[in-house]
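Peer 1:
Number of protein chains: 2
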Amino acid sequence: MLEEKQTNQSYETLEPLFNPRSVAILGASGNKNKLGNLQVKALLDGQFTGEIYPINSNSTEIEGLTCYKSIVDIPNEVDLAIFCIGSAQVQKGLEECARKKVKAAVIFAAGFSETGDEGVKQENVLREIARENGIRLIGPNCVGLVNLSNGLIGTFSPAILSVPLNEQKGVGYVSQSGAFGVLTFMAAAQNGLSFNSFVSVGNEMETEFADIIEYMIHDPKIKVISGYLEGAKKPEILRGLAKEALDKKKPIIVMKTGRSLAGSKAAASHTGSLAGSDKIYDAFFKQTGIIRADDYEDIISFSKLFLSNKLPNGRNTVIITSSGGRGINEADRCESYGLKIIQLSKQTMTEIKRTMPNFASVSNPIDLTAAASVSNPELFIAPLRALVEDPDVDNIIFTEFPHNWSAEHPLLLEFIDICSRSNKFIFITTFPLEGMSLPPGTTELVQNGIPVIPGHLNPIRGFAKLVEYSEYYRKTQLEKTVESSRKIQKQSLQNLLQPGTTLSELQASEILDRYHIPTTKRLLAVSAVEAIHHANHIGYPVVLKIDSSDIPHKTEAGAIRLNIKNDQEVREAFLEINRNVLNYKSDAKVNGISVQEMLPVGVEVIIGANNDPVFGPVIMFGLGGIFVEIYKDISFRVAPLTREDAKSMIEEIKGIEILKGSRGKASVNIESIIDVLVNVSDLVTDHSDSIEELDINPLIVYEDGIKAADAMLVVANKVKEKTTIS
Amino acid sequence: MLEEKQTNQSYETLEPLFNPRSVAILGASGNKNKLGNLQVKALLDGQFTGEIYPINSNSTEIEGLTCYKSIVDIPNEVDLAIFCIGSAQVQKGLEECARKKVKAAVIFAAGFSETGDEGVKQENVLREIARENGIRLIGPNCVGLVNLSNGLIGTFSPAILSVPLNEQKGVGYVSQSGAFGVLTFMAAAQNGLSFNSFVSVGNEMETEFADIIEYMIHDPKIKVISGYLEGAKKPEILRGLAKEALDKKKPIIVMKTGRSLAGSKAAASHTGSLAGSDKIYDAFFKQTGIIRADDYEDIISFSKLFLSNKLPNGRNTVIITSSGGRGINEADRCESYGLKIIQLSKQTMTEIKRTMPNFASVSNPIDLTAAASVSNPELFIAPLRALVEDPDVDNIIFTEFPHNWSAEHPLLLEFIDICSRSNKFIFITTFPLEGMSLPPGTTELVQNGIPVIPGHLNPIRGFAKLVEYSEYYRKTQLEKTVESSRKIQKQSLQNLLQPGTTLSELQASEILDRYHIPTTKRLLAVSAVEAIHHANHIGYPVVLKIDSSDIPHKTEAGAIRLNIKNDQEVREAFLEINRNVLNYKSDAKVNGISVQEMLPVGVEVIIGANNDPVFGPVIMFGLGGIFVEIYKDISFRVAPLTREDAKSMIEEIKGIEILKGSRGKASVNIESIIDVLVNVSDLVTDHSDSIEELDINPLIVYEDGIKAADAMLVVANKVKEKTTIS
């Protein structure tokens, strides 16, 4: 219930946190070594635009500011309270804030839920106080927040003020790790990008990661939202926010760590055992358009590229270099990140050659040679004129730039003019050495939409992510291809989904039928005579299998016979299977023997679903057998799936070539796989409180259709409670 | 012939290049903007320990040094001449050097072989002059060389002198790219690693990349050899040198670029079409123990780690951090590079907990929390005491280090003492921000074998490469497992390898037989009666196939019949195949119909060989069909193979699980695959002048043996000349 309440809180209530008119510092101090002093000085040094009220019962003045004995003594309203006090004093402080009708608070102190049960209880009490009194709260166990637009340096980390804070802006940043947050904030600033706002969410006791994202979506000063994430608490909320951000063309770029710490839950299904939590995150990011940063450098370079206000039109890339080695190295990077180093057209080559000395190499990378850097900087312009006219070229990357073009240099102005008129994505990366990063005209270049990215930030990787964002944005926003996929109403399966059971194939098939997932024709027989009757009804050849959830491994038990061709063989098989089962497991609960049509040979695939504790139902797709087990050639998406999601998860596997028809075979019906994926997604979404795992294995695909040949379904022990803790 | 002569030149003749007693600068100048001035000043600023003789026909003094009109006017001996003159003057200059009996020269000028045929001719003339007069020569088209031990700054690039040159030493560096060479040299120096010597080899007209490697192997001051490579000219020489370096425990770490620019030669065999040149380089590096750097950072961090004089004992790694986020991020990196973040043993956990406050997290990563950095640096020692006693721990990585431990701080000394007594590999990586890189005790730590690597260099990746080197070194040097694998003498195949032909299966099989590669029993029949006779001799069931090199696709032509069970079926099949072949290709040259034993079902693999223009014969291994075509699950090695090479190329493919027996099946005979790989290697090595391509596909492996079921062999048009150009 608490969780529900929080979710309904509007992002506007976070306003006093980001833009307080007044800040009180609980635990302010005159002692230069104390956190409470560092915080007061940070606000002063940051030139905070609102009122600052130090609170300390033993002082009357701190750093030249009037000090109050208690927050309730302050004569004016207080929007934000920053707690520079130990964990034991926090509750008392918060109660005073409530009395003072403070609207927001930041708690630095550690020693709460991260230390165990006692801490969890304390947080529950604090959260209750905050909610009852409408106080929005950051922390505890955090490094605070920064808002550069009003000088709110709400953090005790003095390092924040040691970096430039008035460079390029437009980025918001939220972090689940304090130290990593500070690292990224500072690294960005050292590379000419000042984050508008930075929030360290700490234990997320009241305000969570997603809440900050939501605020930033509505902050018009923020063009790019970025974050450091260890675990999403409410992915479904993040999913909705991602859609909202995409509609506003505000990319969300997230560095997610903990790749190696995959969940180790034992699972009966393929999906369960193959879905490490990191693979699900990957899937989740793919289907929401959230960009996954590999490291903090990506956040910086992606943001700088995006702030140029252009989106790349494609992957065709040309590199212009004045060092052959740098050119080849950057070309290697481009290709390894999926960009295409194109062959220049004959016309463009001729055009370029006309204006270049013959020692330069006119291929791609175009090598202007050291002469361009040292003595002939006009060479940097020569190939550009031809390239901007070439419709095959999407992107032009300079691996160096003249260091002797001042801000007013006519060649720089000409360079900017050519770039500004072009719809190509053009950017400059510099030599990755200290002191050699930025050419003199950088400000002018950047202001005119030509990003200049220090080479040590791996800008090619960041650029590849921008290309991916651009493609996703165009697909979903411009082409509007994503639409509701649901064709089937929710079906009641109450009597079929008995808690704590593993369903027999026949029972599972009945459920698949309800969600229009084609299964084999099958009828249950309890006598040989009945089996013969069913076989004639279905038509020979048939398969006989035991129907018992106690015997999951039918081949091992001798409980399956394939390719049965006549009545006599049915009779023999029926008796043999019964005999084998009795020998194999005499106490097995047997429903009878299932008589099924014998499916012709097709391409075998697997579709599975697994109820993830964080993400809820997750869908898996892959080719059967060895391809799943050894090559791990599988894809995941978080349910519910759109048809686009389903299509992209099929296209993602390498084995797509087999489905499309390799070695002279025709393509199988891929639309029918999409149908099954979407229907499975609807089934497990509708019944996420009871379906724990589902494996359709094999699902056989033909040129003209599809059929589930076997299925396994595990029902949860009890109706799942909605889990909200990662 | 020229090439031969060069190869025989001893590395000692390079001595005057690295350690000249005197240097003459052709084209020296008093004009501060000229290269000839920059070079003179570089030698002066570098405090070159030998004589410096500027040469300029118009000056008597340059930068305070006596200037000579010509090199022949110098009264003393000249060891090294540096050419700061244009390409047109180079030949005259070199002739004068020859007259003066100069021993070595460096030529900066571009405009030679890189510009086309005319330049190639000019280089041939220059090379001839150099060799006739015993002049060792670097360049042309290079940035020169540096030797820090005598202040020889033999380069016009003034940036070299802007970085610290007296830091940690022990590394030699040779580069095929001038700019990338300078970048790496400077980046290393900025990060506290001064390369002893650096050579930019330019066009490698006379002295080549491998020659410099050889010199460095014999230079006792050099502990690590590093390089930037675009294309190896003589891989066989590099292979020999790699072995020599390994024996001396001198790692060679090479950054190879041009991954994306794979050769595009059309090829009939699988091996030919799958072997991009980059994959062969990968294979070559693996089998020679050369470490492949992914970027220049690897060279720096690997060297710093190696210079500690310890080798890691294994992959089991523990991370100690004071920031949860940094710890997780570095753990992710460790696992992605193949290191193992182990679970701590109960005993070690208990031991650590005893000495730690309870807010610290005692799992792996061990999170000391911000308290350790800010107020309790003694926490950095507490877990170390327990970890060095734990036999399961191989490596301990600190992601930060106290900034308040001065060089004489007792805790630092204690830290160093614990580390020095331990055989664990322990190193420190720092926060990757400008100005936060190195803790105060860095010098003492490094001197005591505890590397401190700035975090922005991706030290985990460099460390993973050190672990690989360590494993390779132990395997080859300590266990001495690599030995000659050859069991078969070279066989004469003169009459079988007709130039320009593609051999029929029967002809190819005959060659395989000679190299003890098991093939199916087979006999050629020219009549149905003969075929029946052969079938009875071989034993039913049999296979009938056309034997004709004009019909490579037998199934398509209807020229193969499987599973023939009796005389009558042989007769029918014989006639049918003849009929089909006539319809399919009436002018096909047919040798007859091959009667073969019908092989039972086994696991199908492919072994291929391809004659690479750079590397010579290259061997490929993979599973058959889809696994090769779609999953590219293949491995390569450059011939000749040792048994170890063969074993490692089998173990490298993912499908090894299938060979080892998956899903309840027994393992196939892997030793028999090794036999075939080694024998194929011997075959194609012995006949590398004529065998162009070989595909054994499928090669069928059983629990107790192996048999080639089909083979294809292409003979080169004419006997190949030894190619030495990449």
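From first to last, the protein sequence lines are chains B and Y.
The numbers in my numbering rise by one with no breaks, and the one at position 233 of the first sequence is 350.
The numbers in my numbering rise by one with no breaks, and the one at position 418 of the second sequence is 535.
We put the beta carbon where it would ideally sit given N, CA and C, even for glycine.
Predicted model only: the values in this text are computed from it and were never measured.
Taking only beta-carbon positions, decide if D827 of chain B is within less than 8 Å of chain Y.
Peer 2: no
Peer 1: For F225 of chain B, go through chain Y and note every residue whose CB falls closer than 9 Å to its CB, in chain order.
Peer 2: Near F225 of chain B there are no residues of chain Y at all, since even the closest Cβ is about 10 Å away, more than 9 Å.
Peer 1: At a Cβ threshold of 8 Å, is D415 of chain B touching chain Y?
Peer 2: no
Peer 1: Use the C-beta contact count for A783 of chain B: other C-beta atoms within 10 angstroms, 16 or more gives buried, fewer gives exposed.
Peer 2: exposed
Peer 1: When you compare the CB positions of P549 of chain Y and N308 of chain Y, do they come within less than 8 Å of one another, or not?
Peer 2: no
Peer 1: Does DSSP classify G357 of chain Y as helix, strand or coil?
Peer 2: helix
Peer 1: Three Cβ pairs or more, each shorter than 8 Å: is that satisfied between the stretch 228-242 of chain Y and the stretch 299-308 of chain Y?
Peer 2: At 8 Å Cβ cutoff, the stretches do not touch.
Peer 1: For E721 of chain Y, which three-state DSSP category applies?
Peer 2: Three-state result, E721 of chain Y: strand.
Peer 1: Is there a C-beta anywhere in chain B that falls below 8 Å from the one on N148 of chain Y?
Peer 2: no
Peer 1: Would you give the residue range spanned by the beta strand (DSSP E) that I416 of chain Y belongs to?
Peer 2: Looking at the DSSP string, I416 of chain Y is not in any beta strand (DSSP E); the run it does join, the alpha helix (DSSP H), is 413-423.
Peer 1: What residues in the stretch 539-561 of chain Y bring their beta carbon closer than 9 Å to a beta carbon of chain B?
Peer 2: Cβ contacts with chain B: F548, P549, L550, E551, G552, M553.
Peer 1: Would DSSP call I791 of chain Y helix, strand or coil?
Peer 2: helix
Peer 1: Using the beta-carbon count (16 or more within 10 Å), is D722 of chain Y buried or exposed?
Peer 2: Before going further, note that residue 722 of chain Y is Val rather than Asp in the sequence given. Label assigned to V722 of chain Y: buried.
Peer 1: For N446 of chain B and chain Y, any beta-carbon pair shorter than 8 Å?
Peer 2: yes
Peer 1: With distances taken between CB atoms, is the gap from L629 of chain B to A763 of chain B smaller than 8 Å?
Peer 2: no
Peer 1: Does DSSP put K338 of chain Y in a helix, in a strand, or in coil?
Peer 2: coil
Peer 1: With DSSP run on the structure shown, which of helix, strand or coil describes G268 of chain Y?
Peer 2: coil
Peer 1: Leaving aside the five residues before and after L278 of chain B along the sequence, list all residues of the same chain whose C-beta is less than 7 Å from its C-beta, in chain order.
Peer 2: In its chain, beyond the 5 residues on either side, A159, D162, G163, I270 have a beta carbon closer than 7 Å to the beta carbon of L278 of chain B.
Peer 1: Looking only at C-alpha atoms, which of Y:E693, Y:Q564, Y:D803 sits nearest to R631 of chain Y?
Peer 2: Y:D803
Peer 1: Taking the alpha carbon of G778 of chain Y as the reference point, which residue from Y:E647, Y:N150, Y:V818 has its own alpha carbon closest?
Peer 2: The residue with the shortest Cα to Cα distance from G778 of chain Y is Y:V818.
Peer 1: Under 8 Å between beta-carbons, which chain B residues line up against A304 of chain Y? List them in chain order, please.
Peer 2: P549, L550
Peer 1: Check whether the Cβ of K396 of chain B lies closer than 8 Å to any Cβ atom in chain Y.
Peer 2: no
Peer 1: Where does G846 of chain B fall in DSSP's three states?
Peer 2: Since the first residue of chain B shown is 118 and the last is 843, residue 846 of chain B is not available in this structure.
Peer 1: So is R244 of chain B in contact with chain Y if we call contact Cβ pairs under 8 Å?
Peer 2: no
Peer 1: Does the separation of the CB atoms of D750 of chain Y and G739 of chain Y fall below 8 Å?
Peer 2: Yes, these two residues count as a Cβ contact at 8 Å.
Peer 1: Taking DSSP as the reference, what is the three-state secondary structure of D484 of chain Y?
Peer 2: strand
Peer 1: Could you tell me whether the stretch 126-146 of chain Y touches the stretch 646-657 of chain B, where touching means 3 or more Cβ pairs closer than 8 Å?
Peer 2: no
Peer 1: Evaluate A221 of chain B with the Cβ neighbour count: other Cβ atoms within 10 Å of its Cβ, from every protein chain shown; 16 or more gives buried, anything less gives exposed.
Peer 2: buried
Peer 1: According to a CB-to-CB cut-off of less than 8 Å, which residues of the stretch 749-773 of chain Y neighbour chain B?
Peer 2: Hits within the stretch, in order: D750, K771, G772.
Peer 1: Comparing the C-beta of H520 of chain B with each C-beta of chain Y, is any distance below 8 Å?
Peer 2: no
Peer 1: How would you write the range of the alpha helix (DSSP H) that K373 of chain B sits in, first residue to last?
Peer 2: In the DSSP assignment, K373 of chain B falls outside any alpha helix (DSSP H) and within the unbroken beta strand (DSSP E) covering 369-373.
Peer 1: When you compare only the Cα positions, how much space is there between Q713 of chain B and K662 of chain B?
Peer 2: 8 Å
Peer 1: Verify the CB distance criterion: does Q307 of chain Y have a CB-CB separation below 8 Å to chain B?
Peer 2: It does; some Cβ of chain B falls within 8 Å.
Peer 1: May I ask you to report which of helix, strand or coil DSSP gives A227 of chain B?
Peer 2: coil
Peer 1: My parser needs the beta strand (DSSP E) runs of 3 or more residues fully inside the stretch 738-819 of chain B; what are they?
Peer 2: For the stretch 738-819 of chain B, whole beta strand (DSSP E) runs of length 3 or above, ordered along the chain, are 751-755, 808-819.
Peer 1: How many Å lie between E331 of chain Y and C259 of chain B at the Cα?
Peer 2: 55 Å
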